[in-house]
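1418 is the number of the first residue of the sequence shown in the working numbering; add one for each residue after it. Every residue, glycine too, gets a C-beta built ideally from N, C-alpha and C.
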Amino acid sequence: MRGGGAREGGVGRVRVEEGARGRTLRVDGSFASWYRPGQPATGSVWDALVAPLLALPQARRQRVLILGLGGGSAARLVRAVAPRARIVGVELSAEVLAAARKHFDLDAIGVEVVHGDAHAFLRRSRARFDCVIEDVFVGTARALEKPAWLPRPGLELAARRLAAGGLLVANTLDEHLEVRECLQDLLPGLLCIRVEGYDNRVLVAGPARLDARRLRASLAQEPALSPALRLFSIRGL
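Here is the structure:
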């Protein structure tokens, strides 16, 4: 399954579905957010996008930028593991934001929502973040891909927004080798997280001290994310 990924581009084609496991947001047929009240973890790719925060000391989990906010699945989990964090979420689609507010309790998370283009945001922003999560895709469910500005120059711009020792996290599908090469040019440490049942590779770039075993140990101590460990494969690259 291909999961995760907020969507850039058109209006329309946004659908909210209720199921036994919870509420899902689909955009152009792709699985764009999941929500079950009282349960921040998703059992899917969003857990892997947020898991790298646990590689940072608690005092460094204070400023998080999410490119591709979608319905807020990643933001909700960030709030669970970093209750005092400043979370900035960028989302291009007004229709997605409306659905997130109406059906996914987005406003309750405490996100600074930026309605606009993630590339444009990176070009103009001068803020620093402890973690930048890139979760932007274009296309339909059968043909998801990164927009033309990713991985370059987008990830280069994102790396400039990192505070010293910060993390750059990217959700990837078929373009994972290209994204990996870009991240290796930008930062010395690199991990890959895979989630059982999903095709995605979540790439985590940061300082040279990034270590898969230490991240797993930290995740095991975090109540919101420890159940996801059984689904994760984490390795250094």
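In whole angstroms, what is the alpha-carbon distance linking residue i and residue j?
i       : j       : result
Arg1540 : Pro1570 : 10 Å
Leu1594 : Leu1607 : 13 Å
Arg1647 : Glu1573 : 33 Å
Phe1448 : Pro1457 : 17 Å
Asn1617 : Val1462 : 7 Å
Ala1625 : Pro1500 : 27 Å
Met1418 : Phe1538 : Annotation note: pLDDT 44 at Met1418 (below 50); position unreliable, coordinate value reported separately. So the two alpha carbons sit approximately 30 Å from each other.
Val1444 : Thr1459 : 18 Å
Val1531 : Ala1525 : 16 Å
Leu1473 : Tyr1615 : 25 Å
Val1431 : Ala1641 : 28 Å
Gln1389 : Gly1455 : Lying before the first or after the last residue shown, residue 1389 is absent from the chain, which here runs from 1418 to 1654.
Val1428 : Asp1602 : Confidence is the limiting factor: at Val1428 the pLDDT is only 41, short of 50, which leaves the residue's position unreliable and the question unanswerable from this model.
Leu1442 : Trp1451 : 6 Å
Relative to the C-alpha of residue i, which residue among the options is closest?
i       : options                            : result
Gly1533 : Ala1587, Asp1591, Val1513          : Val1513
Cys1635 : Leu1523, Leu1470, Ala1516          : The question names Cys, yet the displayed sequence has Ser at residue 1635. Per the Cα distances, Leu1470.
Ala1497 : Asp1464, Arg1626, Gly1439, Asp1591 : Asp1464
Phe1649 : Val1612, Ala1641, Leu1632          : Val1612
Gly1582 : Glu1529, Pro1605, Ala1560, Glu1592 : Pro1605
Arg1597 : Tyr1615, Arg1578, Gly1614, Gly1623 : Gly1623
Arg1652 : Arg1631, His1536, Arg1432          : Arg1631
Gln1479 : Glu1639, Arg1438, Val1505, Ala1565 : Val1505
Leu1482 : Lys1519, Ser1450, Gly1527, Arg1438 : Gly1527
Ala1523 : Leu1486, Ser1643, Arg1543          : The question names Ala, but residue 1523 is Leu in the sequence shown. Of Leu1486, Ser1643, Arg1543, the residue nearest in Cα terms is Leu1486.
Tell whether a beta-carbon distance below 8 Å holds between residue i and residue j.
i       : j       : result
Val1553 : Leu1494 : no
Leu1627 : Val1621 : yes
Glu1562 : Ala1587 : no
Val1467 : Ala1491 : yes
Cys1609 : Leu1654 : yes
Asp1547 : Ala1580 : yes
Leu1379 : Ala1576 : Outside the modelled stretch of the chain, which goes from 1418 to 1654, sits residue 1379, for which no answer is possible.
Arg1440 : His1520 : yes
Run through DSSP, which three-state label would residue i get?
i       : result
Gln1638 : coil
Gly1653 : strand
Ser1490 : helix
Leu1473 : coil
Met1418 : Because the pLDDT at Met1418 is just 44, under 50, the model does not fix this residue reliably, and the point stays unresolved.
Arg1453 : strand
Arg1545 : coil
Ser1461 : coil
Arg1438 : coil
Arg1647 : helix
task = Write down every uninterrupted run of the beta strand (DSSP E) in the stretch 1552 to 1637 whose length is 3 residues or greater and which is fully enclosed by it, in chain order.
result = 1579 to 1589, 1606 to 1612, 1618 to 1623
inquiry  = Report the start-end ranges of each alpha helix (DSSP H) in the stretch 1510 to 1536 that is 4 residues or longer and not cut off at the edges.
reply    = 1511 to 1520
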